[in-house]
Amino acid sequence: MAGRAALVLEGVTLPSGRVADLSLGEGRVLHIGAGIPADECVDASGLLCLPAAVDMHTHLRGGRAQAAKEDWTTGTTSALFGGVTVVVDQPNTLPPLTSPEAYRARVAEASEHARCRYAVNAGVVPGADLPALWQAGAMAFGEIFAGPSSYGAAVPPEVLSQAFLTLRDLGTLATIHAEDPRPGVPENLADHERLRPASAEAAAVTAVGRLVPPGGRVHFCHMSSAAAVDAATGVGTVEVTPHHLFLSWEQFEAGDTHARMNPPLRSEKERKTLWNRWGAVDVIASDHAPHTATEKAVPFAEAPSGVPGVETMLPLLMAEVVAGRLTLASVIEKTAVNPARILGITPAGFGPGERADFALYPKISTSIDPDALHTKCTWTPFEGMAAVFPETVIMDGAAAVLDGECLGTEGAWLPGKGYIP
Numbered sequence: 000m001a002g003r004a005a006l007v008l009e010g011v012t013l014p015s016g017r018v019a020d021l022s023l024g025e026g027r028v029l030h031i032g033a034g035i036p037a038d039e040c041v042d043a044s045g046l047l048c049l050p051a052a053v054d055m056h057t058h059l060r061g062g063r064a065q066a067a068k069e070d071w072t073t074g075t076t077s078a079l080f081g082g083v084t085v086v087v088d089q090p091n092t093l094p095p096l097t098s099p100e101a102y103r104a105r106v107a108e109a110s111e112h113a114r115c116r117y118a119v120n121a122g123v124v125p126g127a128d129l130p131a132l133w134q135a136g137a138m139a140f141g142e143i144f145a146g147p148s149s150y151g152a153a154v155p156p157e158v159l160s161q162a163f164l165t166l167r168d169l170g171t172l173a174t175i176h177a178e179d180p181r182p183g184v185p186e187n188l189a190d191h192e193r194l195r196p197a198s199a200e201a202a203a204v205t206a207v208g209r210l211v212p213p214g215g216r217v218h219f220c221h222m223s224s225a226a227a228v229d230a231a232t233g234v235g236t237v238e239v240t241p242h243h244l245f246l247s248w249e250q251f252e253a254g255d256t257h258a259r260m261n262p263p264l265r266s267e268k269e270r271k272t273l274w275n276r277w278g279a280v281d282v283i284a285s286d287h288a289p290h291t292a293t294e295k296a297v298p299f300a301e302a303p304s305g306v307p308g309v310e311t312m313l314p315l316l317m318a319e320v321v322a323g324r325l326t327l328a329s330v331i332e333k334t335a336v337n338p339a340r341i342l343g344i345t346p347a348g349f350g351p352g353e354r355a356d357f358a359l360y361p362k363i364s365t366s367i368d369p370d371a372l373h374t375k376c377t378w379t380p381f382e383g384m385a386a387v388f389p390e391t392v393i394m395d396g397a398a399a400v401l402d403g404e405c406l407g408t409e410g411a412w413l414p415g416k417g418y419i420p
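Counting in numbering that gives the first Met the number 0, the sequence shown runs from 0 upward without gaps.
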């Protein structure tokens, strides 16, 4: 045990139920028990302490073309207030991250503005130099669009098959957006779901699975139906979003563009069935994809798909824990342990020497107020729903959010294992 800590969290409740002091120093856990002498102490009495989350699926926008939607400062601030200290940015940016030059520019932008740790994935398109992107620092590749979506064209099967071989040989992960939309332009939420049905999602997963070579690693993003989860289980790791767990298209007015996303919201019956697959889900990720209120205030057929969610992901799940409908252990597994394992990054934890990233939650729920969130897009599809937001967030052994204030932390880039400086 070290002689002095940088920070002691006093009287926290650990996931086991034990109440103890948590002594932190040099970004690591030093001791759990009676606090050791420290430079700073924070009273965390009565708060439930969890390893902070890794959100392995975010679209943080930024750049000249999309900064009005979100930028690295607002997106990562929103993440911290939601109990997330690591975000993974997706490559369907403008411009897309399909060249080492574009990739390095994206990382450079993040390095100036991010407030939490971040990784950046690289894109897969015909002709992309995947080894060069891997060496540039890509954490993983994708989401790769097996079906078209916002800012992402479908990758032909022959290109995808060759990419899987290359990525396997590099020893890296492919993340997949598996859909096969039917022709047509949706006019409302039910129509959108009809054109992107659960059966086609499951079939797309199966088709992608046939292309994965022995030893290849794939991760299926935002599975929206029980059939898709079933198809993906055993083929790759499985991700589900809060919006597919908590929302159905039947909860909204038919033409409400704020509920338009890809894959689409399913029926209330399908939503409840998806919860029955909770045990088969490896990861909960937000697919944080903000669009401005103005962009959403158009006829349904013209509206972009995507919703914000990095700040509300853990609070929604923690409300289920407080209500007794989810186990705390399963939430920690799917938001902190498994994402870190899949990505190959150091997990946060309570053992001596483990990364000291934590979020401290009260044991009562509030309701989600869009005016209290920190995303630049200023709205949420979860307005009014029960949530438990963290009161304190610790990153790298220091307070990042305390007493409702973000303390101006600086983010750090987490490059993939192929990075060559």
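Ideal Cβ positions, reconstructed from N, Cα and C, are used throughout, including at glycine.
Using a 10 Å radius around the Cβ and a threshold of 16 neighbouring Cβ atoms, would you call residue i buried or exposed?
i, result
"residue 380", "buried"
"residue 193", "exposed"
"residue 252", "exposed"
"residue 86", "buried"
"residue 280", "buried"
"residue 363", "exposed"
"residue 419", "exposed"
"residue 352", "exposed"
"residue 183", "exposed"
"residue 22", "buried"
"residue 64", "exposed"
"residue 207", "buried"
"residue 275", "exposed"
Starting from residue i, follow the beta strand (DSSP E) in both directions and report where the run begins and ends.
i, result
"residue 204", "Residue 204 -> not in any beta strand (DSSP E); alpha helix (DSSP H) instead, spanning 197–210."
"residue 22", "18–24"
"residue 236", "236–239"
"residue 12", "4–12"
"residue 50", "47–50"
"residue 219", "216–219"
"residue 82", "That residue, residue 82, is in no beta strand (DSSP E); it is neither H nor E in DSSP."
"residue 398", "397–401"
"residue 37", "37–42"
"residue 29", "27–32"
"residue 394", "391–394"
Could you tell me how far apart the beta carbons of residue i and residue j are, in whole angstroms, since I believe they sit closer than 8 angstroms?
i, j, result
"residue 248", "residue 315", "Not really, about 18 angstroms apart at Cβ, beyond 8 angstroms."
"residue 37", "residue 5", "7 angstroms"
"residue 99", "residue 132", "6 angstroms"
"residue 392", "residue 45", "Incorrect: roughly 17 angstroms between the Cβ atoms, too far for contact."
"residue 262", "residue 223", "4 angstroms"
The alpha helix (DSSP H) spanning residue i covers which residue range?
i, result
"residue 99", "99–112"
"residue 63", "62–65"
"residue 128", "Where residue 128 is concerned, there is no enclosing alpha helix (DSSP H), given that its DSSP letter is neither H nor E."
"residue 230", "225–231"
Using a Cβ-Cβ cutoff of less than 8 angstroms, which residues in the same chain neighbour residue i once the five nearest sequence positions on both sides are dropped?
i, result
"residue 292", "376, 377 and 378"
"residue 294", "68, 302 and 303"
"residue 200", "177, 178, 179, 222, 223, 224, 226, 227 and 262"
Near residue i, which residues of its chain fall below 6 angstroms by C-beta distance, leaving aside the five closest residues on each side in sequence?
i, result
"residue 339", "53 and 346"
"residue 165", "129"
"residue 205", "230"
"residue 12", "18 and 47"
"residue 7", "20, 22, 34, 37 and 40"
If you drop the 5 nearest sequence neighbours on each side, which residues of the same chain put their C-beta closer than 7 angstroms to that of residue i?
i, result
"residue 285", "54, 56, 57, 240, 241, 308, 309 and 312"
In chain order, each alpha helix (DSSP H) run of at least 4 residues that lies wholly inside the segment 309–360: Here the runs fully enclosed are 312–321, 327–331 and 337–342.
Entirely enclosed beta strand (DSSP E) segments - the segment 143–194, minimum 3 residues: Counting only runs of 3 or more, we get 172–176.
Note down, one range per segment and in chain order, each beta strand (DSSP E) of at least 3 residues found wholly within the segment 235–296. Correct list: 236–239.
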